[in-house]
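Report on one structure; see the data block that follows.
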Amino acid sequence: MTGRRVLVVGAHPDDEVLGVGGTIVRHLDRGDSVCVLLMTDGVTARHGETEPQKSAARRACALLGVEDVRFVDLPDQRLDGMPLLEVIRPIAAAIRDLEPHVVYTHHRGDANQDHRAVFAATLVAVRPCGEHPVERVLSYEVASSTEWGPPCPDWAFLPSVFVNIAKTLDAKVAAFEAYRQTFESEVRCFPHPRSTEAVRIRAQATGVVAGMAAAEAFMLIRALV
Ligand SMILES: [Zn+2]
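To convert, note that position 116 of the sequence shown is 115 in numbering that gives the first Met the number 0; the numbers rise steadily by one, no gaps.
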């Protein structure tokens with residue numbers, strides 16, 4: 000099916016690339032439109048300039064082919080201390096505006112509290128009501144957050160959807176490299192999970208689970224068929 004509208008919700012600049020980068024290119028290649036909604040600038044809690052982070056996000060998304068990048072400017076690393084309604088509101092507004100068929104959001108068991116708040120807010124924003132309910136909602140994983148959650152079954156990331164990114168992995172890595180010139184570079188040295196080598200290894204390790212050379216994995220939260 001072509002011409003789907005896709006919304007990727009991320010707490011911080013770089014979440015979209017780490018979680019969905021290769022899949023975003025697959026969507027665009029088949030004629031879908033993609034909007035990336037970033038809830039925080041990713042640096043206010045670290046007292047850095049926000050503009051380098053935002054321009055890195057624009058560059059990274061441009062490398063993936065995404066033109067529609069929106070910033071909400073909620074406070075970084077503080078979403079869990081805000082009324083959830085304030086996190087829900089901008090996501091719900093984007094859904095009203097875009098009427099997306101597919102929404103990608105964070106995993107509820109991530110170590111990062113902003114990710115968990117974005118998951119909870121997205122779940123409310125995609126309630127299946129109204130004339131254009133979201134058809135598919137999926138959670139994505141983010142390196143150094145999803146695997147660093149507590150070892151509790153309830154928090155586990157249990158992927159059920161695998162997207163083959165063998166042909167788009169180079170674009171994902173190139174987009175991730177755009178975050179090298181940020182406040183505290185988001186691109187770390189191997190063996191950090193946020194190194195370019197680890198991004199490739201993770202994609203390969205995820206891929207072989209499903210007989211693919213490289214993949215991104217998702218938990219299907221809801222599908223309306
Ligand atoms: Zn994040």
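We treat Cβ as the ideally placed atom computed from N, Cα and C, and that holds for glycine.
- Using a cutoff of 7 Å, the CB of residue 141 counts as near ligand 1, since one of the ligand's heavy atoms is closer than that.
- For residue 163, the shortest separation between its Cβ and any heavy atom of ligand 1 does not lie below 7 Å.
- Annotation: residue 219 to residue 137 spans about 5 Å, alpha carbon to alpha carbon.
- Beta-carbon to beta-carbon, residue 142 and residue 192 are separated by about 4 Å, close enough to satisfy the 8 Å threshold.
- Relative to ligand 1, the nearest heavy atom lies less than 7 Å away from the CB of residue 10.
- Counting every other CB atom within 10 Å of its CB across the protein chains shown gives residue 217 a total of 16 or more, marking it as buried.
- Pairing residue 188 with residue 178, the inter-Cα distance amounts to about 13 Å.
- In this structure, residue 71 keeps its C-beta atom at 8 Å or more from the C-beta atom of residue 102.
- Rounded to whole angstroms, residue 99 and residue 203 show a C-alpha spacing of 29 Å.
- Here the alpha carbon of residue 170 sits roughly 34 Å from the alpha carbon of residue 151.
- DSSP places residue 20 inside the alpha helix (DSSP H), whose first and last residues are 14-28.
- Looking only at 48, 75, 80 and 33, the smallest Cα-Cα distance to residue 61 is reached by 33.
- Just measuring C-alpha positions, the residue of 97, 135 and 86 sitting nearest residue 113 is 86.
- Partner residues in a beta bridge of residue 122, as assigned by DSSP, do not exist.
- Here DSSP, grouped into helix, strand and coil, assigns residue 215 to strand.
- Between the alpha carbons of residue 13 and residue 68 lies a gap of roughly 12 Å.
- By the CB criterion at 8 Å, residue 132 and residue 223 fall inside the cutoff.
- Distances from the alpha-carbon of residue 221 to those of 66, 26 and 127 put 127 closest.
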